[in-house]
Amino acid sequence: MERENNIRSRLIVFVTLQMVTLVINSNISFGSDRIKSLQGFNWYNEKPEQKKEKVENTQKQDMAQTAPAEDLPVYEKNIRSLQERHRKAHRQALDNPTPENILTEMYIEKEMMRKAQLYGERRVAIAMMSSQFTDMKAHSNVLHKRVQEEIEDKEIHQKLSKLSQEWGLILQVSEDCPHCHAFAPIVLEFARKYGFQLLAANKEGVDFKGIKGIDDNGEMLMFNPTRETPLLYLIKSNGRQVLPISRGINSANQILTNIKNIDKHIQRLF
């Protein structure tokens, strides 16, 4: 209880006092990261060479496709012959859809599918021989996926519960916003599940759908200049890091996905 009161007090102080510093301070991690120039992306200098190589490869492919039949390997002759037979049968059936023409096309299609099925079965069998083609976390078996999801749910629950010790949630709302009323219970349940302190920022500073209210005096304008609602923020208790994690209504799973994407691509959180 003492920890919750301390975190809640710091969050309220942050919204009323420190968010002004967030808007004007150039050292804010999220804001400064957004305006810094990208460094080290010199790969664009290689584009002309890559384009030239691509053109050369395309020319080689075109030459191979237009090469005389007698110069082609056996496998290429076989595939081309099958494709050409199917093309002719298909167009003949389109022009004159007699039972004989349609059956001819279907027989050729069956031959093509038989080759494709054999190829697919052997491809799977060969892939099983190497661990490089097996991703245990993306296994297709239903039972395996269910167990893997349970493992990942447990891991993410531990990570978010730890994250909630230093971060809180602020939901920017307005009383006349139907989406806010629909989204608030989702956010409230999400906050309770992982132990986040949650506040509802609105112009009146009143409680909203069971969420303690605080005054919204425009501190979030840099993230939401048009004041659209609802908008959910992840805010560190020191008030110097702010991350929008949901614009509009999102499910709890999508909020979780957004946090994981931020952790992976923008800023380490866990």
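In this text, residue positions in the sequence shown follow our numbering: the first is 50, and each later residue adds one.
A virtual CB, placed ideally from N, CA and C, is assigned to each residue, including glycine.
- Exposed is the label assigned to ALA176, since fewer than 16 other Cβ atoms lie within 10 Å of its Cβ.
- In this structure the segment 238 to 252 lies against the segment 209 to 225, because at least three pairs of beta carbons, one per stretch, are closer than 8 angstroms.
- The segment 177 to 185 and the segment 281 to 288 do not touch, with fewer than three beta-carbon pairs separated by less than 8 angstroms.
- Contact between the segment 264 to 279 and the segment 304 to 316 is absent: fewer than 3 CB-CB pairs across the two stretches fall below 8 angstroms.
- Non-local C-beta neighbours of GLU160 in its own chain, meaning closer than 8 angstroms and more than five positions away in sequence, comprise LEU131, ordered along the chain.
- Here the alpha carbons of ASN127 and ALA142 stand approximately 23 angstroms from one another.
- By the Cβ criterion, the segment 296 to 308 is not in contact with the segment 252 to 265, since fewer than three pairs of Cβ atoms, one from each stretch, lie closer than 8 angstroms.
- Burial state of GLY288 is buried, judged by a 10 Å Cβ sphere holding 16 or more other Cβ atoms.
- Between SER223 and THR278 a beta carbon distance of about 5 angstroms is seen, short of the 8 angstroms cut, so the two are scored as contacting.
- Distances from the alpha-carbon of ALA240 to those of GLU253, GLN316, THR153, ILE260 put ILE260 closest.
- When secondary structure is reduced to three states using DSSP, ASP264 falls in the strand class.
- Within its own chain, no residue has a Cβ closer than 8 angstroms to the Cβ of VAL191 once the five positions on either side in sequence are excluded.
- Ranking TYR124, LYS137, LEU167, LYS164 by CA distance to the CA of THR153 puts LYS137 first.
- By the neighbour-count criterion, in which a residue is buried when 16 or more other Cβ atoms sit within 10 angstroms of its Cβ, PHE319 is exposed.
- A distance below 6 angstroms between beta-carbons, with the five flanking residues on each side excluded, links ARG163 to no residue of its chain.
- Take the alpha-carbon of SER189 and the one of LYS208: they are about 26 angstroms apart.
- In the same chain as ILE298, and ignoring 5 residues on each side of it, the C-beta atoms closer than 8 angstroms to its own belong to HIS228, ALA231, PHE232, ILE235, PRO279, in chain order.
- Take the alpha-carbon of TYR156 and the one of GLU133: they are about 14 angstroms apart.
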